[in-house]
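Q:
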Amino acid sequence: MLVRDPLSIVRGKREHPLATEHAEEVQHQAEPSGALMCAEPKTIASESLKSAVTDEPFSRRRIDRIDEPARPLGAKRAALQVRRERSASKSKGSRNGPREAGVLTLASNDETVAFTLRTTALGLVIERTLRQAIGTRFVQVMVFDDQPSFDRWCEFEPMRFEDALLYGHLRREGHAALAAKK
Amino acid sequence: MPCCTATCAVKAMLHSPPKSDGPSEGTSTHFQDYCAYLLELLPLIGDADSTETVVTLFREAVTCLGADAGVFLSHLRDDATRASLRSLWACDPVWSAEYVSRSFFSHDPWLQYATHDSEPILASALKPASAEEEEFLATAASCGFASAVIAPAPSGVGTSRVGVLCLGSQNPSYFGEVNYSKVRVVARALAMELHRWLQHSMRTELLLRSHITDAEIDLLRHEAAGHSSKVIGATLNVEATAIDCRFQRLNTKLDAPDRRTSLRIARLYGLL
Chain A
4 MLVRDPLSIV RGKREHPLAT EHAEEVQHQA EPSGALMCAE PKTIASESLK SAVTDEPFSR
64 RRIDRIDEPA RPLGAKRAAL QVRRERSASK SKGSRNGPRE AGVLTLASND ETVAFTLRTT
124 ALGLVIERTL RQAIGTRFVQ VMVFDDQPSF DRWCEFEPMR FEDALLYGHL RREGHAALAA
184 KK
Chain B
15 MPCCTATCAV KAMLHSPPKS DGPSEGTSTH FQDYCAYLLE LLPLIGDADS TETVVTLFRE
75 AVTCLGADAG VFLSHLRDDA TRASLRSLWA CDPVWSAEYV SRSFFSHDPW LQYATHDSEP
135 ILASALKPAS AEEEEFLATA ASCGFASAVI APAPSGVGTS RVGVLCLGSQ NPSYFGEVNY
195 SKVRVVARAL AMELHRWLQH SMRTELLLRS HITDAEIDLL RHEAAGHSSK VIGATLNVEA
255 TAIDCRFQRL NTKLDAPDRR TSLRIARLYG LL
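Protein chains in written order, with my numbering: chain A, 4 to 185; chain B, 15 to 286.
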């Protein structure tokens, strides 16, 4: 006789197939019959593997719901991930300089802020990326048609105080790109 | 100067917009003109082949609605510690600079609203819950959002991926009750098209960056079905340890700490 949670029917939850198998196994082990104890568990195990390989979903692993926040990492794994990210950012080297035709990437020394400039027929496209080791990675995409609007944005850009060298480079490259567009 | 046929087509189209001051002005013929033009713009936004095209078309749609400013934000919760916020800006450049310098993305009431509601709303109906939100709304008002419509763009993955469009006007009464009923419909359509484009663009970007293969996507499908390494190995006729190695390579490609996070990223970016 299997022990099932009667509330699971009321709640509309389907009982896990493995839970049933496990309950059966426990039940058999609890019974005093020697014949069942040695023969039946093996049969159950082989059948469950067979069904998993063929058609039945063998849901031993817990599947997270995608519409819920992700489960936090354990302390050791989180530390490992931070170490990996640090070593990856070191091995990347300097990101400043041209990557492909018409695209220029300028990044701050600690690489937390990067600007990608692209000259196109529709204007100067600037993609500003703010990377944080933990937290939000924020990407802004803007298109500038003319120099006044670009200058107006530059006047309020926070990097003018945080990294003056990068800011100067950004202004020069932006002006050059907009002049070339004319 | 780089130029492609799609960009030229967009430029040609932008040269002949109907003269529009927005939904409230003019006759019904005038309104029909601008609606027809917007209907032409919307599919172009969803299928745009480049970032500059989509931002230019977005700006055009904002102007066509008679609005002064438009911002689209898409928030994605990659895993427990990381989140991505991608945004398209068609407004006063000061607002985009202020948004980042004051870290408004941490307490954006528009985004906050979109995470738990899918119905467009007038920004005036939002009640600031903190001093930061009050500051946000005051700064937004001074940068072209004195009156604004917030149109959330929900997704199939619930709050893990949320988009929000904000259309603003310097005129505090522009998006009043009269205009709102018309703008609400168009704003929702525009938000969904922008969200569609951004989702497609992020998927393409991830595929290019990670060089993920079809075999690896199949592995993720097994993971999604809850299969263990032993079961996957038995199905593919390889050792379970080989499956573990494949998952490790896959995790590195997706910059994920474990296969659970890899699966989450794959689902959020539409790889599965």
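Using N, Cα and C, we set each Cβ at its ideal position, and we do this for glycine too.
(1) At 7 Å on the CB atoms, spell out the chain A contacts of E230 of chain B, in chain order.
(2) Look at the Cβ atom of R278 of chain B, then the Cβ atom of A73 of chain A, and state whether they are nearer than 8 Å.
(3) If we ignore side chains and look at the alpha-carbon of each, how far apart do S64 of chain B and A117 of chain A end up?
(4) Smallest Cα separation from S110 of chain B: which of A:F153, A:A167, A:V106, A:G171?
(5) Just the chain A side, please: which residues come within less than 9 Å of S98 of chain B by C-beta, in chain order?
(6) Can you pull the chain E residues whose beta carbon is under 8 Å from the beta carbon of T129 of chain B, in chain order?
(7) Buried or exposed: which applies to F118 of chain B, given that a residue is buried once 16 or more other Cβ atoms fall within 10 Å of its Cβ?
(8) Going by C-alpha distance, which of B:S101, B:H89, B:F150, B:H130 is nearest E112 of chain B?
(9) Counting C-beta neighbours from all protein chains within 10 Å, is the total for A280 of chain B 16 or more, i.e. buried, or is it exposed?
(10) Closest by CA to L76 of chain A, which one among B:A270, B:Y283, B:G284, B:L286?
(11) Please confirm if V106 of chain A has its CB atom under 8 Å from at least one CB of chain B.
(12) When you compare only the Cα positions, how much space is there between S161 of chain B and A82 of chain A?
(13) If contact is defined by three or more beta carbon pairs under 8 Å, each pair taking one atom from either stretch, is the stretch 254-264 of chain B in contact with the stretch 201-213 of chain B?
(14) From this set, A:L127, A:T119, A:A78, which residue's C-alpha is nearest T70 of chain B's C-alpha?
(15) So, is L52 of chain B buried or exposed, given that buried needs 16 or more other C-beta atoms within 10 angstroms?
(16) If the cut is a Cβ gap below 7 Å, which residues of chain A does D82 of chain B touch?
(17) Check whether the stretch 132-146 of chain B and the stretch 163-170 of chain B touch, using three or more Cβ-Cβ pairs below 8 Å as the test.
(18) Rounded to the nearest angstrom, what separates R100 of chain B and E114 of chain A at their Cα positions?
(19) Report, in whole angstroms, the separation of the C-beta atoms of R140 of chain A and R217 of chain B, which I expect to be a contact under 8 Å.
(20) Kindly indicate if chain A contains any beta-carbon less than 8 Å away from that of L220 of chain B.
(21) Starting from V114 of chain B, find everything on chain A with Cβ-Cβ shorter than 8 Å and list it in chain order.
(22) Within its chain, find whatever has a CB closer than 6 Å to the CB of V176 of chain B; leave out the 5 residues flanking it on each side and keep chain order.
(23) Considering only the alpha carbon of each residue, which of B:T67, B:L181, B:D61 lies closest to T77 of chain B?
(24) Quick check on DSSP: helix, strand or coil for I164 of chain B?
(25) Suppose the cutoff is 6 Å on Cβ atoms and the five residues either side in sequence are ignored; what does the same chain contact list for K244 of chain B look like?
(26) Nearest to I129 of chain A by alpha carbon, out of A:A167, A:A180, A:R86?
(27) Quick one: residues in its chain with C-beta nearer than 6 Å to the C-beta of Y170 of chain A, no 5 flanking neighbours on either side, listed in chain order?
(28) Looking at C-alpha atoms only, which residue of A:R174, A:A78, A:G105 is the closest neighbour of F159 of chain A?
(29) Would you verify that the beta carbon of L66 of chain B is, or is not, closer than 8 Å to some beta carbon of chain A?
(30) Between A62 of chain B and the rest of its own chain, which residues show a CB-CB distance below 7 Å, the 5 nearest in sequence each way excluded?
(31) Thinking just about the alpha-carbon of each residue, which of B:A50, B:A94, B:V85, B:F86 is nearest to the one in A78 of chain A?
A: This is what the structure holds:
(1) Position 216 of the second sequence, counted from the first residue, corresponds to residue 230 of chain B. Chain-order list of chain A residues neighbouring E230 of chain B: empty, with the shortest C-beta distance near 18 Å, by a criterion of under 7 Å.
(2) Within the second sequence, numbered from 1, the residue matching residue 278 of chain B stands at position 264. Within the first sequence, numbered from 1, the residue matching residue 73 of chain A stands at position 70. Yes.
(3) In the second sequence, counting from the first residue as 1, residue 64 of chain B sits at position 50. In the first sequence, counting from the first residue as 1, residue 117 of chain A sits at position 114. Counting only the Cα atoms, A117 of chain A lies some 20 Å from S64 of chain B.
(4) Locating residue 110 of chain B in the second sequence gives position 96, where the first residue counts as 1. In terms of CA proximity to S110 of chain B, A:F153 leads the group A:F153, A:A167, A:V106, A:G171.
(5) Numbered from its first residue, the second sequence carries residue 98 of chain B at position 84. Neighbourhood of S98 of chain B in chain A, by CB distance below 9 Å: T139, R140, F141, V142, in chain order.
(6) Here the protein chains are A and B, and chain E is not one of them.
(7) Within the second sequence, the letter at position 104 stands for residue 118 of chain B. It counts as buried.
(8) The sequence position of residue 112 of chain B within the second sequence is 98, counting from 1. Checking every option, the nearest Cα to that of E112 of chain B belongs to B:F150.
(9) Sequence index remark: in the second sequence, residue 280 of chain B carries index 266 (1-based). A280 of chain B comes out buried.
(10) The residue you call residue 76 of chain A lines up with position 73 of the first sequence. With distances taken between Cα atoms, L76 of chain A lies closest to B:A270.
(11) Sequence index remark: in the first sequence, residue 106 of chain A carries index 103 (1-based). When Cβ-Cβ separations below 8 Å define contact, V106 of chain A makes no contact with chain B.
(12) Against the second sequence, residue 161 of chain B aligns to sequence position 147. Against the first sequence, residue 82 of chain A aligns to sequence position 79. Looking at the two C-alpha atoms, the distance is approximately 46 Å.
(13) No, because fewer than three Cβ pairs between the stretch 201-213 of chain B and the stretch 254-264 of chain B fall closer than 8 Å, the two stretches do not touch.
(14) Start at 1 with the first residue of the second sequence, and residue 70 of chain B comes out as number 56. Taking each of A:L127, A:T119, A:A78 in turn and checking the Cα distance to T70 of chain B, the smallest one comes out for A:L127.
(15) Residue 52 of chain B sits at position 38 when you count from the first residue of the second sequence. Buried is the call here.
(16) Counting from one through the second sequence, the residue named residue 82 of chain B turns up at place 68. By Cβ distance, chain A contributes nothing, its closest Cβ being about 14 Å from D82 of chain B, past 7 Å.
(17) With a cut-off of 8 Å, the stretch 163-170 of chain B and the stretch 132-146 of chain B count as touching, because enough Cβ pairs lie within range.
(18) Looking up residue 100 of chain B in the second sequence gives position 86. Looking up residue 114 of chain A in the first sequence gives position 111. Rounded to whole angstroms, R100 of chain B to E114 of chain A spans 18 Å at the Cα level.
(19) Along the first sequence, one-based indexing puts residue 140 of chain A at 137. Along the second sequence, one-based indexing puts residue 217 of chain B at 203. Incorrect: roughly 17 Å between the Cβ atoms, too far for contact.
(20) For the purposes of this step, residue 220 of chain B is identified with residue 206 of the second sequence, where counting begins at 1. It does not: the Cβ of L220 of chain B has no partner Cβ on chain A nearer than 8 Å.
(21) For the purposes of this step, residue 114 of chain B is identified with residue 100 of the second sequence, where counting begins at 1. R131, L133, F141, Q143, P161, listed in chain order.
(22) Here residue 176 of chain B refers to the residue found at position 162 of the second sequence. Taken in chain order, the residues that qualify are H89, A128, T129.
(23) Residue 77 of chain B sits at position 63 when you count from the first residue of the second sequence. Considering only alpha carbons, the answer is B:L181.
(24) The residue labelled residue 164 of chain B in the question sits at position 150 within the second sequence. Three-state result, I164 of chain B: strand.
(25) As a working note, residue 244 of chain B is residue 230 in the second sequence. Cβ within range, chain order: A254.
(26) Here residue 129 of chain A refers to the residue found at position 126 when the first sequence is read from its first residue. Of A:A167, A:A180, A:R86, the residue nearest in Cα terms is A:A180.
(27) Stepping through the first sequence from its first residue, residue 170 of chain A is reached at position 167. If we look at Y170 of chain A and ignore the five residues flanking it on each side, its Cβ neighbours are M162, R163.
(28) Counted from its first residue, the first sequence places residue 159 of chain A at position 156. Here the closest residue by C-alpha is A:R174.
(29) By one-based count along the second sequence, residue 66 of chain B stands at place 52. A small fix is needed here, since residue 66 of chain B is Glu in this sequence, not Leu. At a cut-off of 8 Å between beta-carbon atoms, E66 of chain B makes contact with chain A.
(30) Working through the second sequence from its first residue, we reach residue 62 of chain B at position 48. Close CB contacts of A62 of chain B within its chain, under the 7 Å cut and outside five residues either way in sequence, are with V68, L71, W211 (chain order).
(31) Start at 1 with the first residue of the first sequence, and residue 78 of chain A comes out as number 75. The shortest C-alpha separation from A78 of chain A is found at B:A94.
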